[in-house]
Amino acid sequence: MSPQQFLQLGPLRLEYRQIPAADPSRPTLVLLHEGLGSADQWKDFPQRLAQASGYGVVTYSRQGYGQSSPVTLPRPLNYLSSDGPRELRQLLDALQLPQVVLLGHSDGASIVLAYAATNDPRVLGSIALAPHVIVEVESLDGIRHTTEAWHQGELRERLARHHGTNVDGAFHGWSDSWLHPDFSLDDLEAQLACIERPLLVIQGRDDHYATPEQLVVIQRQVAGPCRCVLLDNCRHFPQTEAPERTLQLIGEFLEHLPAVI
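Residue numbers (my numbering): 3 to 263.
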């Protein structure tokens, strides 16, 4: 695992890890974790990505996760389309990354889609693993099931190993937002039509947080080139449940991106 580092962005401190590109002229893959994730919960996936692609790889813990600054609760209900993209732009600015490919999982994938809609010229393309662009009954049922596990105590203990004192804020910032009666992804869904750069979307056919309707909505509304893939024998974590196929799809996507300037 690459060494832990910190970015100080005014009052905000973000934990991150960085694997340099084998060739300094290559772009950087920037990874955004899921709703209960952090920089180190990607396990060996960043290293495998770097080896397979030759790209640099950056992972970071968003505010309220890992060893980053705590977050004030409750989160805004539109945090996926507002706070997340704003924080990502700060990170790209601070790290002075000239060319990137964004890759997000679950909540992180939704943030990637929201940021892709800004058509930042630094972003060559985007990859979304198990994204959410509409709120489904299956999503809420999955979160309620996870909340039950949280109250039983074992999940909290496991997450505390990664989040430390942020563990309660990380969990409730995610679950309380999604389960709020006014929670909606309408803002994010409306932004899909603005995405012009190439996009790869991967979802497990047996995802317990979503149905393939997520892919249908994305494919229908995104303006630019978009490939959506539904993986058999995979649930919500393509990077760990179908890693070889996921890496293959990512490799194909990167090979066909417009030439790096």
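Glycine included, every Cβ here is placed at the ideal spot set by N, Cα and C.
Closest by C-alpha distance to Ala-116, out of Ser-83, Pro-29, Gly-106, is Ser-83.
By the Cβ test, the region 66 to 85 is in contact with the region 165 to 183, since at least three Cβ pairs between them sit closer than 8 Å. Residue pairing of His-107 in beta bridges, as defined by DSSP: Leu-131. For Ala-244, the CB contacts under 6 Å within the same chain, skipping 5 residues up- and downstream, are Leu-233, Cys-236 in chain order. Under the rule that a run must span 4 or more residues, the alpha helix (DSSP H) segments found entirely inside the region 216 to 258 read 240 to 243, 245 to 257. DSSP places Glu-156 inside the alpha helix (DSSP H), whose first and last residues are 156 to 165. In the structure shown, Tyr-117 adopts helical secondary structure according to DSSP, grouped into three states. The three-state secondary structure of Ile-145, taken from DSSP, is helix.
In the structure shown, Val-139 adopts helical secondary structure according to DSSP, grouped into three states. Bridge pairing for Arg-15: Gln-10 [DSSP]. In this structure the region 147 to 165 does not lie against the region 10 to 27, because fewer than three pairs of beta carbons, one per stretch, are closer than 8 Å.
Within the same chain, Leu-79 come within 7 Å of His-182 by CB-CB distance, once the 5 residues on both sides are set aside. In the DSSP annotation of this structure, the continuous segment of the alpha helix (DSSP H) that includes Gln-92 starts and ends at 85 to 97. Around the beta carbon of Asn-168, 16 or more other beta carbons lie within 10 angstroms, which makes this residue buried. Partner residues in the beta bridge of Val-32, as assigned by DSSP, are Val-60, Leu-104. The bridge partners DSSP lists for Gln-20 are Val-60. Per DSSP, Leu-190 is one residue of the alpha helix (DSSP H) stretching across 188 to 193.
Measuring C-alpha to C-alpha distances from Ala-24 to each of Pro-5, Arg-222, His-35, Gln-53 identifies Gln-53 as the nearest. Using a C-beta cut-off of 8 Å, the region 40 to 49 makes no contact with the region 116 to 127, since fewer than three inter-stretch Cβ pairs fall below that distance.
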